[in-house]
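Student: Below is one structure. I have some questions about it.
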Amino acid sequence: MSAIEVLAVILSLLIVVKIGVILIAGPKTWMKVPQFLLRYKQVTVLVYSLGILVTGYYLFTAISVTEVMAALLFCGFLLGVSLISYYDCLLKTAQKLMPTRKSLLKQFWLQLLFWTILAIVTLWQVFAKEL
């Protein structure tokens, strides 16, 4: 099994476990997981950051940034459809989190940097071939 297949299997197992717990034990039982994780925000950020590094390493050694970005577009549409029913709540939360450009940059500078780098590298890969 390739590294990409291992990552896909891990995600698939997490999805099956999550849906199984929600259907069998109920959503309140599942909500204990994020509540536990959010008690230790720095540890959770560290774990997620390590996850980004590990999965990113295997993804970017197996496929191009352009292919990753196309997959992220698909995931974005999938997430958007999943969250559309929470639009009002999410919009209010976003407005509280980002009232000004300064607060946006202060809270989300790392995410903005990450997405900007991915976008620039993708554009370079696609259009540098044309030059």
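Per the numbering used here, the very first residue in the sequence shown carries number 32; after that it's consecutive.
Even for Gly, the Cβ is constructed at its ideal location relative to N, Cα and C.
(1) Does DSSP put residue 32 in a helix, in a strand, or in coil?
(2) Around the C-beta of residue 96, are 16 or more other C-beta atoms found within 10 angstroms, so that it is buried, or is it exposed?
(3) Using only CA atoms, which one of 100, 133, 108 and 129 lies nearest to residue 151?
(4) Would you report the Cα separation of residue 127 and residue 138, rounded to the nearest angstrom?
(5) Could you tell me whether the segment 32-41 touches the segment 87-95, where touching means 3 or more Cβ pairs closer than 8 Å?
(6) Kindly give me the distance between the Cβ atoms of residue 75 and residue 69, rounded to whole angstroms, as I take these residues to be in contact under 8 Å.
(7) I'd like the span of the alpha helix (DSSP H) that includes residue 115, first residue to last.
(8) Return the chain-ordered list of same chain residues with a C-beta closer than 7 Å to the C-beta of residue 153, the five sequence neighbours on each side being excluded.
(9) Kindly indicate the opening and closing residues of the alpha helix (DSSP H) around residue 160.
(10) Please list the segments of the alpha helix (DSSP H) lying wholly inside the segment 35-89, counting only runs of 4 or more residues, in order along the chain.
(11) Cα separation between residue 134 and residue 125?
(12) Can residue 61 and residue 47 be called in contact, C-beta distance under 8 Å?
(13) Do the CB positions of residue 121 and residue 110 come within less than 8 Å of each other?
Tutor: According to the structure data:
(1) Working through the sequence shown from its first residue, we reach residue 32 at position 1. Three-state DSSP puts residue 32 in coil, outside helix and strand.
(2) Position 65 of the sequence shown holds residue 96. Looking at its Cβ environment, which holds 16 or more other Cβ atoms inside 10 Å, residue 96 is buried.
(3) Walking along the sequence shown from the start, residue 151 turns up at place 120. Among 100, 133, 108 and 129, the Cα nearest to that of residue 151 is on 100.
(4) Mapped onto the sequence shown, residue 127 falls at position 96. Mapped onto the sequence shown, residue 138 falls at position 107. One C-alpha to the other measures close to 12 Å.
(5) yes
(6) Walking along the sequence shown from the start, residue 75 turns up at place 44. Walking along the sequence shown from the start, residue 69 turns up at place 38. Indeed, because the Cβ distance is near 7 Å, the residues count as touching under 8 Å.
(7) Locating residue 115 in the sequence shown gives position 84, counting from the first residue. Run containing residue 115: none; DSSP gives neither H nor E here.
(8) For this step, residue 153 is matched to residue 122 along the sequence shown. Correct list, in chain order: 96, 97 and 100.
(9) As a first step, residue 160 is located in the sequence shown; it is residue number 129 there, counting from the start. Segment: none, residue 160 is in no alpha helix (DSSP H) and carries neither H nor E.
(10) 58-61 and 63-70
(11) The count along the sequence shown starts at 1 and reaches residue 134 at position 103. The count along the sequence shown starts at 1 and reaches residue 125 at position 94. Each residue's Cα considered, the two are about 11 Å apart.
(12) Position 30 of the sequence shown, counted from the first residue, corresponds to residue 61. Position 16 of the sequence shown, counted from the first residue, corresponds to residue 47. No; because the gap between Cβ atoms is not below 8 Å, this pair is not in contact.
(13) Counted from its first residue, the sequence shown places residue 121 at position 90. Counted from its first residue, the sequence shown places residue 110 at position 79. Not a contact, by the Cβ cut-off of 8 Å.
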